[in-house]
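Participant:
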Amino acid sequence: MAMKLSTRGGGPISGSGRSAAGKGCMTAFFLIFLVMGLAATAAVGVQAAREAAVWLWPEVPCLVRASGVDTTGDDSAPYRPTIRFEYTADGRNRESRTVARGDLSSSSYDDARRIADRFPAGSRAICRVNPDDPNEAALEAHPPLIAFAVLLTLVFVAVGAGGLWMVWRPERPENGLATRSISQRAGGGGATIELAVGLIFTAVGGVLTALLLVMPLTRLALALDWIETPAEVVSSTVRSWSTDDGTSHRADVLYNYHAGGRSWTSNRTSFFPMSSSGYDDCREIVERYREGRDVNCWVDPDDPSVSVLDRAFRPVYLIGLFPLVFLIAGLALTAHSRRRRSSTVPGASPTASESETRVVAEATLEPAAGPVAKVFAMLVFALLWNGIVSVFIWQVVEGFRNGSPEWFLAIFMIPFVLVGLALIGGVLYALLGAANPRPRLVIAPSSPRLGGRLRLSWTFSGAVRRIDRLTMSLEGHEKATYRRGTDTITDREVFASTNLVDTTSEWEIAQGNVEADIPVDTMHSFSSDNNAVVWSIHLHGEVPRWPDVIESFPLEVRPMSRKDLLP
Numbered sequence: 002m003a004m005k006l007s008t009r010g011g012g013p014i015s016g017s018g019r020s021a022a023g024k025g026c027m028t029a030f031f032l033i034f035l036v037m038g039l040a041a042t043a044a045v046g047v048q049a050a051r052e053a054a055v056w057l058w059p060e061v062p063c064l065v066r067a068s069g070v071d072t073t074g075d076d077s078a079p080y081r082p083t084i085r086f087e088y089t090a091d092g093r094n095r096e097s098r099t100v101a102r103g104d105l106s107s108s109s110y111d112d113a114r115r116i117a118d119r120f121p122a123g124s125r126a127i128c129r130v131n132p133d134d135p136n137e138a139a140l141e142a143h144p145p146l147i148a149f150a151v152l153l154t155l156v157f158v159a160v161g162a163g164g165l166w167m168v169w170r171p172e173r174p175e176n177g178l179a180t181r182s183i184s185q186r187a188g189g190g191g192a193t194i195e196l197a198v199g200l201i202f203t204a205v206g207g208v209l210t211a212l213l214l215v216m217p218l219t220r221l222a223l224a225l226d227w228i229e230t231p232a233e234v235v236s237s238t239v240r241s242w243s244t245d246d247g248t249s250h251r252a253d254v255l256y257n258y259h260a261g262g263r264s265w266t267s268n269r270t271s272f273f274p275m276s277s278s279g280y281d282d283c284r285e286i287v288e289r290y291r292e293g294r295d296v297n298c299w300v301d302p303d304d305p306s307v308s309v310l311d312r313a314f315r316p317v318y319l320i321g322l323f324p325l326v327f328l329i330a331g332l333a334l335t336a337h338s339r340r341r342r343s344s345t346v347p348g349a350s351p352t353a354s355e356s357e358t359r360v361v362a363e364a365t366l367e368p369a370a371g372p373v374a375k376v377f378a379m380l381v382f383a384l385l386w387n388g389i390v391s392v393f394i395w396q397v398v399e400g401f402r403n404g405s406p407e408w409f410l411a412i413f414m415i416p417f418v419l420v421g422l423a424l425i426g427g428v429l430y431a432l433l434g435a436a437n438p439r440p441r442l443v444i445a446p447s448s449p450r451l452g453g454r455l456r457l458s459w460t461f462s463g464a465v466r467r468i469d470r471l472t473m474s475l476e477g478h479e480k481a482t483y484r485r486g487t488d489t490i491t492d493r494e495v496f497a498s499t500n501l502v503d504t505t506s507e508w509e510i511a512q513g514n515v516e517a518d519i520p521v522d523t524m525h526s527f528s529s530d531n532n533a534v535v536w537s538i539h540l541h542g543e544v545p546r547w548p549d550v551i552e553s554f555p556l557e558v559r560p561m562s563r564k565d566l567l568p
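In structure tokens, the structure reads:
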């Protein structure tokens with residue numbers, strides 16, 4: 002059995018490669034993510050530092066002259082607290098209306114009212130004065146909560162930086178048989194990037210799941226004990242504002258009610274925080290709560306300032322399930338990265354000297370990619386693709402809802418939507434495959450030699466009865482990377498293949514062992530900057546009406562010993 006080795010600058014005609022044009026397109030794509038992420042992160046950092054600076058300003062007494070809630074004229078955030086107070090700085094009486102640095106305008110009347118209630122007219126308070134500009138003063142120093150937006154901007158940074166690293170990283174052998182072992186590589190840069198992305202996805206998914214799912218459903222449950230109270234609708238309108246995705250709408254119903262010995266005003270219609278929806282849905286809410294109409298609201302008996310018009314469960318609350326996907330994906334990726342860091346595969350690099358090579362009696366092989374990694378990789382790609390496509394789909398849907406359909410965009414998006422649906426199918430397929438029986442392979446010795454004998458045993462965990470046929474093969478292939486003009490091409494060619502197992506017996510599938518000779522006239526595991534020889538054991542379990550069990554297990558094959566070479 003002969004083997005053909007490619008040399009640098011040549012190689013087999015068949016193969017796959019990354020062209021300069023392809024790398025350029027991928028570079029531009031990920032560079033956009035990186036630049037956007039870095040710019041947004043810098044903007045968030047500057048604003049957070051500006052808001053945090055108030056904590057360092059000196060405190061002086063002040064007198065509140067007026068306090069209330071005013072309208073802003075901005076339909077996206079129509080309410081803000083308006084507080085006028087007087088203070089003395091540098092021997093002069095001054096006046097300010099700044100409650101805190103940062104925009105305090107809100108879509109919630111309740112939020113603006115709560116701030117105004119803390120500083121009633123005629124009360125005395127403590128304000129903070131800017132030492133560099135005594136005309137600027139603020140009543141409160143708020144924590145820079147905008148800094149949490151970094152969790153979102155870092156997702157773009159991680160996708161951009163990770164994608165650029167994947168496009169431009171040096172070629173490495175598939176089974177890690179370079180100057181470092183597989184276990185060393187697992188604890189290196191790849192696992193670190195995987196851990197960082199996993200933590201970001203976990204943080205973003207956790208925060209959004211809490212805000213959009215856990216908190217609204219918890220408030221719905223608590224509101225079951227609230228008191229039904231008469232109320233009067235003060236104003237009812239559909240507020241509209243322009244966004245990058247078109248026009249957004251929200252039903253704004255302002256109502257008065259009496260509880261706890263005083264009159265209250267609120268505009269909380271439901272507990273779901275994302276109240277923006279289609280115009281027709283908002284108009285329906287406005288018609289239900291017309292201005293001047295007597296209605297009933299539900300009031301918290303422990304805090305009369307808290308109320309809601311509708312405490313019924315609506316399908317919109319299920320939107321909170323979407324960020325749960327990010328949370329699960331982040332947890333899975335974090336767990337997988339930690340597993341990669343802690344996993345070890347016996348055997349040293351074949352480039353090490355004989356005395357440095359660590360060979361044990363037997364070793365358990367690890368698959369090249371576990372089921373969690375496969376699901377996560379497919380899930381991340383599906384989320385990125387469908388997340389970008391959904392922006393344009395939303396624009397198409399809004400066009401049809403507003404009576405001005407964009408037919409060209411709708412037709413243009415059809416293939417992208419089909420690809421997105423195929424990716425969703427791929428995620429489901431990978432999830433089904435993750436439920437398959439898991440193989441465990443043990444080899445002896447841990448790193449066999451050319452011309453030596455390999456003993457392989459296997460077992461399965463899970464419902465192994467679902468596998469109808471099991472095949473395993475020992476395969477060696479050569480990988481060569483070279484330049485052809487401006488293109489970087491990587492060719493792969495199998496030079497050795499030996500069938501180890503082919504059985505339909507239920508008992509033999511569940512567990513068994515086999516011995517095989519490593520072909521002496523082939524090449525041992527090898528790695529360099531442009532060439533590599535990779536050995537692996539391929540396992541295929543056929544499962545009817547279900548994804549098959551397909552795994553590849555990297556294997557290190559050592560060169561013949563000196564005594565074997567002696568005549």
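Going by the working numbering, the sequence shown opens with residue 2, and the numbers climb by one from there. Every residue, glycine too, gets a C-beta built ideally from N, C-alpha and C. Predicted model only: the values in this text are computed from it and were never measured.
1) Pick helix, strand or coil for Val544, following the three-state DSSP scheme.
2) DSSP three-state call for Ser562: helix, strand or coil?
3) Taking C-alpha atoms, which residue in Arg546, Ile394, Asp518 and Val428 lies nearest to Asp469?
4) DSSP three-state label for Val151, please.
5) Can the beta-carbon of Phe393 be found closer than 9 angstroms to that of Leu410?
6) Using 8 angstroms as the cut-off, can you tell me whether the region 141–149 makes contact with the region 42–55, which would need three or more C-beta pairs spanning the two stretches below that distance?
7) With burial defined as no fewer than 16 other Cβ atoms inside 10 Å of the residue's Cβ, what is the status of Ile127: buried or exposed?
8) Between Glu407, Met414, Gly400 and Glu367, which has its C-alpha nearest Ile389's C-alpha?
9) Within the region 250–319, note down every full beta strand (DSSP E) run reaching 3 residues or more, in order along the chain.
10) In the DSSP assignment, what are the bridge partners of Phe527?
11) Measure the alpha-carbon distance for Glu479 versus Ala44 and round it to whole angstroms.
12) Thinking just about the alpha-carbon of each residue, which of Ala378, Arg115, Glu141 and Gly542 is nearest to the one in Val61?
13) Count the other CB atoms within 10 Å of the CB of Ala90; is the residue buried (16 or more) or exposed (fewer)?
14) Compare the Cα-Cα distances from Gly477 to each of Ala232, Thr491 and Leu556 and report the closest residue.
15) To test your reading of the DSSP string, which unbroken alpha helix (DSSP H) runs of 4 or more residues are found completely within the region 420–451?
16) If contacts are defined as beta-carbon pairs under 8 angstroms, then Pro42 and Thr210 qualify, I think. What distance do you get, rounded to the angstrom?
17) Taking buried to mean at least 16 other C-beta atoms within 10 Å of its own C-beta, is Phe401 buried or exposed?
18) Going by C-alpha distance, which of Met473, Arg493, Met27 and Leu475 is nearest Ala481?
19) I'd like the span of the beta strand (DSSP E) that includes Phe120, first residue to last.
20) Report the three-state DSSP secondary structure of Arg98 (helix, strand or coil).
21) What does the Cβ neighbour count give for Thr335, buried or exposed, with the cut at 16 atoms within 10 Å?
22) Is it the case that the region 304–324 contacts the region 255–270, given that we only count it when at least three CB pairs across the two stretches are under 8 angstroms?
23) For Val550, tell me which candidate among Asn532, Phe377 and Gly463 has the shortest Cα-Cα distance.
24) Give me the residue from Val521, Trp536 and Asp295 with the minimum Cα distance to Ser528.
25) In the DSSP assignment, the alpha helix (DSSP H) including Leu410 goes from what residue to what residue?
26) Does the region 67–84 come into contact with the region 96–108, if we say contact requires no fewer than three beta-carbon pairs (one atom in each stretch) closer than 8 angstroms?
27) In this structure, what does DSSP give as the bridge partners for Asp75?
28) Check Glu52 in the structure and name its three-state DSSP category.
29) Does the Cβ of Trp56 have 16 or more other Cβ atoms within 10 Å, making it buried, or fewer, making it exposed?
30) Specify, as a first and last residue, the run of the alpha helix (DSSP H) that Trp508 falls within.
31) Does Thr219 have its Cβ less than 9 angstroms from a Cβ in chain C?
32) Are the region 322–331 and the region 277–293 touching, with three or more C-beta to C-beta distances below 8 angstroms?
33) Following the continuous beta strand (DSSP E) through Leu455, name the residue where it begins and the one where it ends.
34) Run the CB neighbour count on Ser108, radius 10 Å, all protein chains shown included, and call it buried at 16 or more, exposed below.
Facilitator: To lay it out plainly:
1) coil
2) coil
3) Arg546
4) helix
5) yes
6) yes
7) exposed
8) Met414
9) 263–267, 295–301 and 304–309
10) Val534
11) 49 angstroms
12) Glu141
13) buried
14) Leu556
15) none
16) The amino acid occupying residue 42 in the given sequence is Thr; Pro does not appear at that position. The pair is not a contact, with the Cβ atoms about 23 angstroms apart (cut-off 8 angstroms).
17) exposed
18) Arg493
19) Neither: Phe120 is in no beta strand (DSSP E) and is coded neither H nor E.
20) coil
21) buried
22) yes
23) Gly463
24) Trp536
25) Trp408 to Phe413
26) yes
27) Answer is none; Asp75 lacks a bridge partner.
28) helix
29) exposed
30) Glu507 to Ala511
31) No chain C is present in this structure, which holds just one protein chain.
32) no
33) Arg454 to Ser462
34) buried
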